[in-house]
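A.B. asks:
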Amino acid sequence: MWYYTTNPSHTETIIARIEWPMNDHGAMTVRIEASCEVRHLVEFADETVEKTLTELPAGATVPLQMESVGARGNAWRVTELVGVTTEAIANAAAHDDELRQRRGSETEHRESTEHVEV
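Using this note's numbering, read the sequence shown as starting at 1312 and increasing by one per residue.
(1) Would you list the one or two residues that DSSP bridges to His1351?
(2) Just curious, the alpha helix (DSSP H) that Val1360 is in, first and last residue?
(3) Assign Arg1350 to one of two classes, buried (16 or more other C-beta atoms within 10 Å of its C-beta) or exposed (fewer than that).
(4) Thinking just about the alpha-carbon of each residue, which of Ala1338, His1336, Ile1343 is nearest to the one in Thr1324?
(5) What is the rounded straight-line gap between the Cα of Thr1390 and the Cα of Thr1340?
(6) Taking the straight line between their C-alpha atoms, what separation do you get for Ala1345 and Gln1412?
(7) Considering only the beta carbon of each residue, do Leu1352 and Trp1387 sit closer than 8 Å?
(8) The beta strand (DSSP E) with Met1377 in it runs from where to where?
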């Protein structure tokens, strides 16, 4: 007899924290915030969903809908990123770029002001 913590034929909305970012095989591991359950995301609704999840680092949380891929294993399909718009993705990417530039500027400044004493 099979037991499921969720109904595998029902799409549910959950908050997931990324444990392991997307790997070379197009899969990632998330932890469900409410239950601490670990799931492996192996299929995605479309390229936009997959690309968005690929860009998220470990530790990021994202609201999404998912459904079980089958009766065996712990493989899940992401059917939707809930409340995530292309504008939000662009804003997050711009913010990340700005932070990277600042870190680069701070590093360059620190290196240019360091003096070697002889």
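Even for Gly, the Cβ is constructed at its ideal location relative to N, Cα and C. Computed from a predicted structure; not experimentally measured.
C.D. replies: Let me lay it out:
(1) Answer is Thr1340, Ala1386, bridged to His1351.
(2) Looking at the DSSP string, the run of the alpha helix (DSSP H) that includes Val1360 is 1358-1366.
(3) buried
(4) Ile1343
(5) 16 Å
(6) 36 Å
(7) yes
(8) 1372-1379
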